[in-house]
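Be aware that the sequence shown starts at 1, since it is given in the numbering used here, and climbs by one per residue. We put the beta carbon where it would ideally sit given N, CA and C, even for glycine. Since the model is a prediction, treat every value here as computed from it, not as a measurement. Notes for the one structure printed next.
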Amino acid sequence: MPLPIKMLAGAMLLFSLSLHSQSMEIEQKVEELLSKMTLEEKIGQMNQYNGFWNATGPAPQDGLAADKYEHLQKGWVGSMLNVRGTEEVRAVQKIAVEESRLGIPLIIGFDVIHGYKTISPIPLAESASWDLEAIEKSAAMAAKEAAAAGINWTFAPMVDISRDARWGRVMEGAGEDPYLGSKIAVARVRGFQGDDLSSPGTIAACAKHFAGYGFAEGGRDYNTTDVGTATLYNQILPPFKAAVDANVRTFMNGFNLLNGVPVTGSKMLQRDILKGEWKFDGFVVSDWGSIGEMIDHGYAADGAQAAELAANAGSDMDMESYLYVSELAELVRAGKVDEAHIDDAVRRILRVKYELGLFDDPYRYCDAEREAEVTGSEELEEAALDMARKSIVLLKNDNDLLPLAKTGQKIALIGALAADNNSPLGSWRIAAEDSSAVSVLQAMQFYEGNTITYEKGADVAVGPVSFVMETKINTTDKSGFDAAVAAAKGADVAVLVLGEHGFQSGEGRSRTELGLPGVQQELLEAVYAANPNVVLVLQNGRPLALPWAAENVPAIVEAWHLGTMSGHAIAQVLYGDYNPSGKLPVSFPRSVGQVPMFYNQHSTGRPAGDQPGIVFWSHYIDESNEPLFPFGHGLSYTDFEYSELQLSSESVAVGEELTVSVKLTNTGSRKGKEVAQLYIHDRYASVVRPVKELKGFELVELEAGESKTVEFTLGREELSFYNQKGEQVIEPGMFSVMVGGSSVGGLEAGFELKATEN
Ligand code: NOJ
Numbered sequence: 001m002p003l004p005i006k007m008l009a010g011a012m013l014l015f016s017l018s019l020h021s022q023s024m025e026i027e028q029k030v031e032e033l034l035s036k037m038t039l040e041e042k043i044g045q046m047n048q049y050n051g052f053w054n055a056t057g058p059a060p061q062d063g064l065a066a067d068k069y070e071h072l073q074k075g076w077v078g079s080m081l082n083v084r085g086t087e088e089v090r091a092v093q094k095i096a097v098e099e100s101r102l103g104i105p106l107i108i109g110f111d112v113i114h115g116y117k118t119i120s121p122i123p124l125a126e127s128a129s130w131d132l133e134a135i136e137k138s139a140a141m142a143a144k145e146a147a148a149a150g151i152n153w154t155f156a157p158m159v160d161i162s163r164d165a166r167w168g169r170v171m172e173g174a175g176e177d178p179y180l181g182s183k184i185a186v187a188r189v190r191g192f193q194g195d196d197l198s199s200p201g202t203i204a205a206c207a208k209h210f211a212g213y214g215f216a217e218g219g220r221d222y223n224t225t226d227v228g229t230a231t232l233y234n235q236i237l238p239p240f241k242a243a244v245d246a247n248v249r250t251f252m253n254g255f256n257l258l259n260g261v262p263v264t265g266s267k268m269l270q271r272d273i274l275k276g277e278w279k280f281d282g283f284v285v286s287d288w289g290s291i292g293e294m295i296d297h298g299y300a301a302d303g304a305q306a307a308e309l310a311a312n313a314g315s316d317m318d319m320e321s322y323l324y325v326s327e328l329a330e331l332v333r334a335g336k337v338d339e340a341h342i343d344d345a346v347r348r349i350l351r352v353k354y355e356l357g358l359f360d361d362p363y364r365y366c367d368a369e370r371e372a373e374v375t376g377s378e379e380l381e382e383a384a385l386d387m388a389r390k391s392i393v394l395l396k397n398d399n400d401l402l403p404l405a406k407t408g409q410k411i412a413l414i415g416a417l418a419a420d421n422n423s424p425l426g427s428w429r430i431a432a433e434d435s436s437a438v439s440v441l442q443a444m445q446f447y448e449g450n451t452i453t454y455e456k457g458a459d460v461a462v463g464p465v466s467f468v469m470e471t472k473i474n475t476t477d478k479s480g481f482d483a484a485v486a487a488a489k490g491a492d493v494a495v496l497v498l499g500e501h502g503f504q505s506g507e508g509r510s511r512t513e514l515g516l517p518g519v520q521q522e523l524l525e526a527v528y529a530a531n532p533n534v535v536l537v538l539q540n541g542r543p544l545a546l547p548w549a550a551e552n553v554p555a556i557v558e559a560w561h562l563g564t565m566s567g568h569a570i571a572q573v574l575y576g577d578y579n580p581s582g583k584l585p586v587s588f589p590r591s592v593g594q595v596p597m598f599y600n601q602h603s604t605g606r607p608a609g610d611q612p613g614i615v616f617w618s619h620y621i622d623e624s625n626e627p628l629f630p631f632g633h634g635l636s637y638t639d640f641e642y643s644e645l646q647l648s649s650e651s652v653a654v655g656e657e658l659t660v661s662v663k664l665t666n667t668g669s670r671k672g673k674e675v676a677q678l679y680i681h682d683r684y685a686s687v688v689r690p691v692k693e694l695k696g697f698e699l700v701e702l703e704a705g706e707s708k709t710v711e712f713t714l715g716r717e718e719l720s721f722y723n724q725k726g727e728q729v730i731e732p733g734m735f736s737v738m739v740g741g742s743s744v745g746g747l748e749a750g751f752e753l754k755a756t757e758n
């Protein structure tokens, strides 16, 4: 029975009072500890080292590892990353806790980006589910497995908005849209951190890379970012702000310059916006070596100045530049860094350690029995499979070629990726066993009613495809083509699994071409010529430009890098045991020349239109302005119809809410899910607004023939924007509303936003 409102309010009050007293208690403990610390010990908390030697073996005697070991003993290390497994973590924690003067526990960080050992889909793929509950659960599962291995802090979620498919780290984010990106940021933070950070199944999250990293010029990783205030505030910052509102405990800055200043040294971002305006009370870690890189940027003359600039700007922890530990004490003594800044950073770091419960029991994440029980458990695999199915996007399905019949079919399965157990793990899977993913070939064999002939056709890459990226793309070897063509000829349908190897996207993997790497495009065309009944399954970590395939191939399934359970998820979709419902969180371009491509553009003064023979409008003379597949696009094995778009009023005053409703009907013959999307256009404003902005969505499941009225609310948050001073404003005027199944088309209506009376 639900609690009466009064009792509920009372319970909530008690809960928030107890949270308040808990945090008061933590603040007191932090102050007490801080008052006992020497300057060097304080700076030690701001120092993070990478895992360095076999921690369970003998102590290192010389070299860098010996220095790091000694620093641990002195209490000069606050955190370590890339130490994993309960035994290893316990060993380093023991040095910090038992050998240093104050025994302050380390916080152990790791890149748990999409799963720890059990790998879920790459974040971009998960984002294609638009299923916030599933995304939250996926992060919670990752946290559970990582926490069981001794880890208390993940460097995720990456909440960088990315509009440039050339950038390799598109795979690590939630795509191009700040609204969807914000919702997903919140889901991921909640998933990792849960309700109780001190529980041994949750870990601290980290919103990164603050800020602008995804807007690297030319899509080249680590390159400069130069954006105006409106873009910074309206596109880049919202997911970070949403993460702060969801109580994310840490932030990471980044490698890039933002408008001329390295973000690691940006006081404006870290002190003024994040810790000032947004009142963030967690801590900021630098990116790997990014404090030292300020010298390469030409912002700092030497290491001492780099440390000074970073500390003064509000960068609280130094990841692997070794500059805080070597320079900060002297800088404080020389009056170049105020000790109050050091105290502030240390308070933030200690606060998070207390919240994690590390002071109560520094080994609470080091239970070997729990590690054995949780790692790779059935629960984790089931969740990874569920997330993988939900991440798949059906891009095209002419003549209902899919789903495939389960019996009596001869299927030619073609492509190196079809039999690959490593690539589907994608980039960022450090703790996973190599080649531990289920391949499409393995999973298809569970459907025993059909005959499968597998042919590789061509390699995606030759040479070791490894973390250090020694990959060479196979651009010449077509020796497998004949066999692939022969298999296709004798088959009812050819399923080609093509795309990028898991290590062809990710950090440092920018591309100038967005086609299928190597000779795969030629393979596709050769197979299609032999048998046009082609299903193309794409595995990739970024949008690809595949105009030929989009025009000719009847069925295309976007299957990204889906993790451990990849093959099963793909097979279940191909055979219709799972009805796909994913929608693209990024636009797919027709050509690399259109990049950056994103749906929420501004109109030019010479907008695109059908103006044959006229040259002077905003267009390309050799390609259309349109995407190949738009943001929000994705099909199902059933059909959906939108009707009866209604607004609660034709006008609404600033501060009031408007309700938009639409009837959604499953007009097909099977149950399915649809993501109903609402976009607005603020038709004129003091800072020009995009032609479309996503402001609401709902994932709806309907039986065949069933209808549901979907409602969206538009209020101050949805109708406001940031002006060129970075102020959030809401301006009266005319708005359009569009509701449909993607960012293109849909039903339209309009309303007026009026100024309030007073
Ligand atoms: C560099 C990456 O940019 C960052 O995202 C990651 O968390 C760190 N390396 C640590 O591995």
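| Asked | Found |
| --- | --- |
| Between LEU33 and the rest of its own chain, which residues show a CB-CB distance below 8 Å, the 5 nearest in sequence each way excluded? | LEU102, ILE104, LEU350 |
| Assign PRO690 to one of two classes, buried (16 or more other C-beta atoms within 10 Å of its C-beta) or exposed (fewer than that). | buried |
| From ALA242 to LEU19, what does the alpha carbon distance come to, in whole angstroms? | 21 Å |
| Determine the extent of the beta strand (DSSP E) in which LYS663 is found, giving its start and end residues. | 658-666 |
| Is any heavy atom in the ligand NOJ found nearer than 6 Å to the beta carbon of PHE155? | yes |
| Curious, which full-length beta strand (DSSP E) runs of at least 3 residues does the segment 55-87 contain? | 79-81 |
| For GLY212, which of LEU197, THR202, ILE203, THR229 has the nearest alpha-carbon? | THR229 |
| Please report how far the alpha carbon of VAL261 lies from the alpha carbon of LEU81, in whole angstroms. | 27 Å |
| Between the alpha carbons of PRO2 and GLU703, how many angstroms are there, rounded? | Interpretation of PRO2 is limited by its pLDDT of 45, a score under 50 that renders its predicted location unreliable; the figure taken from the coordinates is listed afterwards. Computed Cα separation, rounded: 29 Å. |
| Can you tell me the Cβ-Cβ gap for GLY265 and TYR299, rounded? I've got them flagged as a contact below 8 Å. | 6 Å |
| Relative to the C-alpha of SER290, which residue among GLN724, ARG90, PHE255, ASP111 is closest? | PHE255 |
| Short of 8 Å in beta carbon distance, which residues of its chain neighbour ALA653, apart from the five on each side in sequence? Order them along the chain. | LEU753, LYS754, ALA755, THR756, GLU757 |
| Report, in whole angstroms, the separation of the C-beta atoms of GLY774 and VAL284, which I expect to be a contact under 8 Å. | This structure gives no information on residue 774, because the portion of the chain shown stretches from 1 to 758. |
| For the segment 408-423 and the segment 587-598, state whether three or more C-beta atom pairs, one from each stretch, are separated by less than 8 Å. | no |
| Within 10 Å of its beta-carbon, does HIS602 have 16 or more other beta-carbons around it, so buried, or fewer, so exposed? | exposed |
| Roughly how many whole angstroms lie between the Cα atoms of GLN45 and ALA372? | 31 Å |
| Closer than 8 Å by C-beta to ILE414: which residues in its own chain qualify, once you throw out the five before and the five after it? Chain order, please. | TYR454, GLU455, LYS456, GLY457, ALA484, ALA487, ALA488, ALA494, VAL495, LEU496, VAL497, LEU523, VAL527 |
| Tell whether a beta-carbon distance below 7 Å holds between PRO627 and ILE392. | no |
| For LEU562 and VAL535, which I take to be in contact (beta-carbon distance under 8 Å), what is that distance rounded to the nearest angstrom? | With a Cβ gap of about 16 Å, LEU562 and VAL535 do not count as contacting. |
| Does the pairing of the segment 159-177 with the segment 93-100 give three or more beta-carbon distances under 8 Å? | no |
| DSSP state of PRO2, grouped into three classes? | Residue placement at PRO2 is flagged as unreliable, the pLDDT there being 45, under the threshold of 50; the coordinate-derived value follows with that caveat. Coil, per DSSP. |
| Check SER651 in the structure and name its three-state DSSP category. | strand |
| From this set, PRO58, GLN442, LEU394, ALA128, which residue's C-alpha is nearest PHE697's C-alpha? | ALA128 |
| On the CB-based measure, 16 or more other CB atoms within 10 Å of its CB, does TYR620 come out buried or exposed? | exposed |
| Is TRP288 close to the ligand NOJ? I mean its beta-carbon at under 6 Å from any heavy atom of the ligand. | yes |
| Return yes when the Cβ of GLY518 is within less than 7 Å of the Cβ of SER427, no when it is not. | no |
| Tell whether a beta-carbon distance below 7 Å holds between ARG249 and GLY276. | no |
| Taking DSSP as the reference, what is the three-state secondary structure of HIS209? | coil |
| Quick test of the definition: if touching needs 3 or more C-beta pairs under 8 Å, does the segment 137-144 touch the segment 185-198? | yes |
| Between PHE598, GLY499, HIS568, which lies nearest to ILE556 when the distance is taken from Cα to Cα? | GLY499 |
| Run the proximity test for ASP111: is its beta-carbon closer than 6 Å to any non-hydrogen atom belonging to the ligand NOJ? | yes |
| Is it true that the CB of LYS671 sits closer than 7 Å to the CB of SER643? | no |
| Roughly how many angstroms lie between the CA atoms of MET317 and LYS208, to the nearest whole one? | 14 Å |
| PHE215 and ASN253 - do their beta-carbons sit closer together than 7 Å? | no |
| So what does GLY115 bridge to, in DSSP terms? | ILE119 |
| Suppose you measure from the CA of SER759 to the CA of PRO607; what does that come to, to the nearest Å? | No answer is possible for residue 759: the residues shown for the chain start at 1 and end at 758. |
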